[in-house]
Amino acid sequence: MSCLQTLMMLFCLAIYVFGTLLFLAICVGDPLRKAVGKRLLQRRSQQFPCGRCAYFAPETSLKCAVRPVEVMTEAARHCGDFEGG
150 MSCLQTLMML FCLAIYVFGT LLFLAICVGD PLRKAVGKRL LQRRSQQFPC GRCAYFAPET
210 SLKCAVRPVE VMTEAARHCG DFEGG
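When we follow the numbering used here, the leftmost residue of the sequence shown carries the number 150, and every step to the right adds one.
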């Protein structure tokens, strides 16, 4: 085998490995990121009353319909609009 053929084989192998790792990062990374985010949200829900409030929506971009700026913050501990749900 010539030197050029060896270099081409190594280059193709590197491209294959990189493509495989990129594919795995995309396929596994997104569900993993969502699972970690969901776990962090559960932890924060235990610290603040928001997770137990009737106005709280964990799966939307607007977490609280009444006080969207204060949701899941220190100010939410003393929320006057809290309704257990």
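Quick reminder that beta carbons are idealized off the backbone N, C-alpha and C, glycines included.
Rounded to the nearest angstrom, what separates residue i and residue j at their Cα positions?
i                 : j              : result
leucine 159       : cysteine 152   : 11 Å
leucine 211       : methionine 221 : 12 Å
aspartate 179     : glycine 186    : 10 Å
proline 207       : glutamate 223  : 18 Å
phenylalanine 172 : threonine 209  : 28 Å
Once the 5 residues before and after residue i are set aside, which same chain residues still bring their CB inside 8 Å of it?
i            : result
proline 217  : Leu211
arginine 226 : Phe197, Pro198
Would you identify the three-state DSSP class for residue i, choosing helix, strand or coil?
i                 : result
cysteine 228      : coil
phenylalanine 172 : helix
phenylalanine 160 : helix
phenylalanine 205 : strand
I'd like the list of long-range same chain contacts for residue i, defined as Cβ closer than 6 Å, with 5 residues on each side in sequence excluded.
i                 : result
glycine 229       : none
phenylalanine 231 : Pro198, Cys202
glutamate 219     : Ala225
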